[in-house]
Amino acid sequence: MLIIHTTTPTKKEAKALIKILLESRLVACGQYFKIKSHYVWKDSKGKRKLCKEKEYLLILKTLPECYEKIQSLIRSHHSYEVPEILSFEAKAENAYNAWLHTSLS
Numbered sequence: 124m125l126i127i128h129t130t131t132p133t134k135k136e137a138k139a140l141i142k143i144l145l146e147s148r149l150v151a152c153g154q155y156f157k158i159k160s161h162y163v164w165k166d167s168k169g170k171r172k173l174c175k176e177k178e179y180l181l182i183l184k185t186l187p188e189c190y191e192k193i194q195s196l197i198r199s200h201h202s203y204e205v206p207e208i209l210s211f212e213a214k215a216e217n218a219y220n221a222w223l224h225t226s227l228s
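Each residue of the sequence shown is one higher than the one before, starting from 124 at the first, in the numbering used here.
Shown next as structure tokens:
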């Protein structure tokens, strides 16, 4: 099992991204949560600046073989110049793992 995290600036974008991924059968489950992010970015002059934003964290449950397609889909539908796309391998309970495989086949 693979868990993928990404963030979006709006709830609308989070819901739309999850819907596309579910309809494409690339994820079996998607969740989103309102968060506050603190990060470093460059301003228009290329100078480093500290930023704070309200965002939505998406947690996506899938299989490792779906990762490349998910990454491509997120990039093509995301509003950020550099979207966060992180993946983590996870172990799942047997029944959940079976459901995950069935949902994606």
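Where is the CB? At the ideal position from N, CA and C, for every residue including glycine.
Report back the beta-carbon spacing between residue i and residue j to the nearest angstrom; my notes put them in contact at under 8 Å.
i      : j      : result
Thr133 : Leu140 : Not really, about 10 Å apart at Cβ, beyond 8 Å.
Leu149 : Ile193 : 5 Å
Ala137 : Tyr179 : 4 Å
Lys172 : Trp164 : 6 Å
His128 : Glu207 : 7 Å
Thr213 : Met124 : Rather than Thr, the amino acid found at residue 213 in this sequence is Ala. With a Cβ gap of about 5 Å, Ala213 and Met124 count as contacting.
Taking only three categories from DSSP, how would you classify residue i?
i      : result
Lys168 : coil
Lys159 : strand
Thr210 : What sits at residue 210 in the sequence shown is Ser, not Thr. Note: Ser210 maps to strand in three-state DSSP.
Glu136 : helix
Glu176 : strand
Leu230 : Any question about residue 230 goes unanswered here, given that the chain covers just 124 to 228.
Leu144 : helix
Shortest alpha-carbon distance to residue i belongs to which of the options?
i      : options                           : result
Glu188 : Lys142, His224, Lys138 and Thr129 : His224
Ile126 : Phe211, Ala215, Trp222 and Pro206 : Phe211
Ile143 : His161, Leu209, Lys159 and His200 : His200
Gln177 : Ile197, Ile158 and Tyr219         : One point to set straight first is that residue 177 is Lys, not Gln, in the sequence displayed. Of the candidates Ile197, Ile158 and Tyr219, the one whose C-alpha sits nearest the C-alpha of Lys177 is Ile158.
Ser147 : Lys214, Ile197, Ala221 and Ala218 : Ile197
Any 3 or more C-beta pairs closer than 8 Å across the segment 184-195 and the segment 148-157: Contact between the segment 184-195 and the segment 148-157 is established, with three or more Cβ pairs separated by less than 8 Å.
Residue ranges of each alpha helix (DSSP H) within the segment 179-207, 4 or longer: Correct list: 190-200.
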